[in-house]
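One structure is given here, and the rest of the page talks about it.
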């Protein structure tokens, strides 16, 4: 009985740790995207004639919208 309890406890602990780590990684990616966005805005205001900056800015905006979409999907699945 104790052995079964220990195994179940390890499994639950690992599951919780995995979820915490996944949330942490998502948040770090979001912070990284926001920082990239701030740097890009500064660079664009300094050199508006650079065309690759708008491409980078679009990539950052896409990452942010993807993060928000994933967050909404996760909330929907969690509420069911």
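Residue numbers (UniProt numbering): 1 to 80. In this text, a Cβ means the ideal position worked out from N, Cα and C, and glycines have one as well. As the structure is a prediction and not an experimental result, all values here were calculated from the model.
- The region 60 to 67 makes contact with the region 17 to 34: 3 or more CB pairs, one atom from each, lie closer than 8 angstroms.
- Residue burial is scored here from C-beta neighbours: residue 12 has fewer than 16 other C-beta atoms within 10 angstroms and is therefore classed as exposed.
- Here the alpha carbon of residue 27 sits roughly 20 angstroms from the alpha carbon of residue 14.
- Here residue 56 really is in contact with residue 40; their C-beta atoms are around 6 angstroms apart, less than 8 angstroms.
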